[in-house]
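If you're matching them up, the sequences are chains G and Z in order. Under the working numbering, the first residue of the first sequence is numbered 144, with each subsequent residue one higher. Under the working numbering, the first residue of the second sequence is numbered 48, with each subsequent residue one higher.
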Amino acid sequence: NAGVTQTPKFQVLKTGQSMTLQCAQDMNHEYMSWYRQDPGMGLRLIHYSVGAGITDQGEVPNGYNVSRSTTEDFPLRLLSAAPSQTSVYFCASSYREGGINEQFFGPGTRLTVL
Amino acid sequence: GDSVTQMEGPVTLSEEAFLTINCTYTATGYPSLFWYVQYPGEGLQLLLKATKADDKGSNKGFEATYRKETTSFHLEKGSVQVSDSAVYFCALSGGAGGTSYGKLTFGQGTILTVHP
């Protein structure tokens, strides 16, 4: 199993550009999430999904869109990039077993918006 | 809402020293608690977990006990190594029941540096 994969690893955008961060998992997990990591703030939830066709907002959803058409994929779209979106983005997937929700993380995408 | 507070960092120790990283939480219901570790340039890896009060999670010499009475989940290791240098995150999930599965609430992270 490849686990959780993310592409690209690095990206530089200009203000106003749009792009999609890709995330895929091959573990048949029902839950998938996107987080951003900023210095001194830990990881903050952007959007999450509890299954194909079902998504919801997290703590910091503004400026981002998601969709989940398949169990495997959960892309994150930046509609009009802003310097405040400079961050490291992590995708995670998880399953629910016996009340435990253990998340598996991808390697991250480092995004710089100029 | 749910929240996690970790001790201020960074933490710098000599090899073989004792490590404690404090973590307290606020949550409704009965959350699961986690410690994740992030090595330089990498993603997060689960270090240990606990799902109910008085459970002790352990892995690679690290331990943490779920204390409901003090709402704490402090991370400890008796003898740290240089290879333990990383960022450590305390997190919780599922505090509000089934609707919060798939979401983790993180503390701000603690940078640990271990010198030879």
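Ideal placement from N, C-alpha and C gives every residue a C-beta, glycine not left out. In this text, all values refer to a predicted model and were calculated from it rather than measured experimentally.
Backbone secondary structure at S140/Z - three-state DSSP: DSSP places S140/Z in strand when its eight states are reduced to three.
Please go through the same chain and pick out, in chain order, the residues whose beta-carbon is closer than 7 Å to the beta-carbon of Q200/G, but skip the five residues on each side of it. H190, listed in sequence order.
Partners in chain G for A122/Z, counting only beta-carbon separations shorter than 9 Å: A quick correction: the sequence has Leu, not Ala, at residue 122/Z. The contacting residues do not exist; L122/Z stays about 15 Å from chain G at best.
Counting only C-beta atoms, is F248/G closer than 7 Å to chain Z at any point? F248/G counts as touching chain Z.
Using a Cβ distance threshold of 8 Å, determine whether the region 59-67 of chain Z contacts the region 125-134 of chain Z, with at least three qualifying pairs required. Under the 8 Å Cβ criterion, the region 59-67 of chain Z counts as touching the region 125-134 of chain Z, having at least three qualifying pairs.
Contact under 7 Å by Cβ, L91/Z with F248/G: Yes, these two residues count as a Cβ contact at 7 Å.
Determine the chain Z residues that contact E245/G at a beta-carbon separation under 9 Å, and present them in chain order. Going along chain Z in sequence order, the residues near E245/G (Cβ under 9 Å) are S79, F81, L93, K96 and S140.
Nearest to P226/G by alpha carbon, out of R239/G, L254/G and Y238/G? Taking only the C-alpha atoms, the option nearest P226/G is L254/G.
Among T73/Z, S50/Z, F81/Z and T52/Z, the one whose alpha carbon lies nearest that of F109/Z: Answer by Cα proximity: F81/Z.
Can you give me the C-alpha to C-alpha distance between G76/Z and L139/Z, rounded to a whole angstrom? G76/Z and L139/Z: Cα-Cα distance of roughly 11 Å.
Using a beta-carbon distance below 7 Å, is G156/Z in contact with chain G? G156/Z counts as touching chain G.
Going by the CB atoms, is the gap between S119/Z and T165/Z shorter than 7 Å? Residue 165/Z is absent from the structure shown; chain Z starts at 48 and stops at 163.
Quick check on Y86/Z: buried or exposed, where buried means 16 or more other Cβ atoms within 10 Å of its Cβ? For Y86/Z, the number of other beta carbons within 10 angstroms of its own is below 16, and it is reported as exposed.
DSSP state of V129/Z, grouped into three classes? Under the three-state reduction of DSSP, V129/Z is assigned to helix.
Going by C-alpha to C-alpha distance, which of F233/G, W177/G, S230/G and G159/G sits closest to V193/G? Of the listed residues, the one whose Cα sits closest to V193/G is W177/G.
Can you tell which of T73/Z, G88/Z and E89/Z has its C-alpha closest to the C-alpha of E116/Z? Residue T73/Z holds the alpha-carbon nearest to the alpha-carbon of E116/Z among T73/Z, G88/Z and E89/Z.
Under 8 Å: do the region 229-240 of chain G and the region 158-172 of chain G share three or more Cβ pairs, one atom per stretch? Yes, since at least three Cβ pairs between the region 229-240 of chain G and the region 158-172 of chain G fall closer than 8 Å, the two stretches touch.
Can you tell me which of T198/G, L222/G, G251/G and A167/G puts its alpha carbon nearest to the alpha carbon of S146/G? In the sequence under discussion, the amino acid at residue 146/G is Gly, which differs from the Ser named in the question. With distances taken between Cα atoms, G146/G lies closest to A167/G.
Just to confirm, is the Cβ distance from L95/G to V203/G under 7 Å? Only positions 144 to 257 of chain G appear in the structure, and residue 95/G is not among them; the question remains open.
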